[in-house]
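Just add 1129 to wherever you are in the sequence shown, counting from 1, and you've got the working numbering.
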Amino acid sequence: MWQHYRKTFIPIQIMIIIVGVMLMTVWKLPAVPTAAYLLIMEVFAVVGALWAASLKRRILRSQNSLLPHDRIR
(Lines of atoms letter the chains of each structure in order from A and count residues from 1; the text may use other names and numbers.)
(Lines give C-alpha, C1' and ligand atoms only; values in the text may rest on other atoms or scores of the structure.)
Protein backbone atom coordinates (compact mmCIF):
# COMPACT_ATOMS: atom_id res chain seq x y z
CA MET A 1 0.00 0.00 0.00
CA TRP A 2 2.76 2.43 0.92
CA GLN A 3 4.52 1.75 -2.39
CA HIS A 4 1.45 2.90 -4.32
CA TYR A 5 0.90 5.87 -1.99
CA ARG A 6 4.53 7.00 -2.34
CA LYS A 7 4.35 6.61 -6.12
CA THR A 8 1.29 8.85 -6.44
CA PHE A 9 1.97 11.20 -3.50
CA ILE A 10 3.33 14.25 -5.37
CA PRO A 11 0.70 14.35 -8.18
CA ILE A 12 -2.14 13.86 -5.70
CA GLN A 13 -0.80 16.59 -3.39
CA ILE A 14 -0.53 18.99 -6.33
CA MET A 15 -4.12 18.23 -7.34
CA ILE A 16 -5.35 18.72 -3.75
CA ILE A 17 -3.56 22.09 -3.50
CA ILE A 18 -5.03 23.22 -6.83
CA VAL A 19 -8.53 22.24 -5.71
CA GLY A 20 -8.03 24.06 -2.39
CA VAL A 21 -6.85 27.24 -4.11
CA MET A 22 -9.77 27.08 -6.53
CA LEU A 23 -12.25 26.60 -3.69
CA MET A 24 -10.99 29.74 -1.97
CA THR A 25 -10.44 31.94 -5.02
CA VAL A 26 -13.00 30.95 -7.63
CA TRP A 27 -15.88 29.81 -5.43
CA LYS A 28 -15.01 32.15 -2.51
CA LEU A 29 -15.37 29.36 0.06
CA PRO A 30 -14.28 30.30 3.61
CA ALA A 31 -11.15 28.72 5.11
CA VAL A 32 -12.87 26.22 7.44
CA PRO A 33 -14.95 24.44 4.77
CA THR A 34 -11.93 24.50 2.46
CA ALA A 35 -9.81 22.87 5.17
CA ALA A 36 -12.54 20.24 5.63
CA TYR A 37 -12.47 19.47 1.88
CA LEU A 38 -8.67 19.23 1.95
CA LEU A 39 -8.72 16.90 4.96
CA ILE A 40 -11.33 14.67 3.33
CA MET A 41 -9.28 14.51 0.12
CA GLU A 42 -6.16 13.56 2.13
CA VAL A 43 -8.02 10.78 3.95
CA PHE A 44 -9.43 9.39 0.73
CA ALA A 45 -6.00 9.53 -0.94
CA VAL A 46 -4.87 7.02 1.71
CA VAL A 47 -8.08 5.01 1.32
CA GLY A 48 -7.52 4.91 -2.44
CA ALA A 49 -3.97 3.64 -1.94
CA LEU A 50 -5.28 0.90 0.36
CA TRP A 51 -7.90 -0.05 -2.22
CA ALA A 52 -5.33 -0.09 -5.05
CA ALA A 53 -3.05 -2.36 -3.01
CA SER A 54 -5.96 -4.69 -2.30
CA LEU A 55 -6.90 -4.85 -5.98
CA LYS A 56 -3.29 -5.53 -6.95
CA ARG A 57 -3.09 -8.43 -4.46
CA ARG A 58 -6.35 -9.90 -5.79
CA ILE A 59 -5.19 -9.65 -9.40
CA LEU A 60 -1.83 -11.23 -8.63
CA ARG A 61 -3.50 -14.00 -6.62
CA SER A 62 -5.92 -14.79 -9.46
CA GLN A 63 -3.10 -14.79 -12.02
CA ASN A 64 -1.08 -17.18 -9.86
CA SER A 65 -4.04 -19.53 -9.50
CA LEU A 66 -4.35 -19.70 -13.31
CA LEU A 67 -0.72 -20.74 -13.81
CA PRO A 68 -0.03 -24.46 -14.18
CA HIS A 69 1.67 -25.88 -11.12
CA ASP A 70 4.53 -28.35 -11.37
CA ARG A 71 3.56 -31.72 -10.00
CA ILE A 72 5.89 -33.26 -7.49
CA ARG A 73 6.36 -36.99 -8.08
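In this text, a Cβ means the ideal position worked out from N, Cα and C, and glycines have one as well.
Here the structure is a predicted model, which means the values were calculated and not measured.
Using the Cα positions of Y1259 and L1195, report the straight-line distance between them to the nearest angstrom. Only positions 1130 to 1202 of the chain appear in this structure, which leaves residue 1259 out of reach.
How would you call A1160, buried or exposed, if buried means at least 16 neighbouring beta carbons within 10 angstroms? The residue you call residue 1160 lines up with position 31 of the sequence shown. Within a 10 Å sphere around the beta-carbon of A1160 sit fewer than 16 other beta-carbons, which makes this residue exposed.
If you draw a straight line from the C-alpha of T1137 to the C-alpha of V1176, how long is it? On the sequence shown, position 8 is the one that residue 1137 refers to. On the sequence shown, position 47 is the one that residue 1176 refers to. Distance between the alpha carbons of T1137 and V1176: 13 Å.
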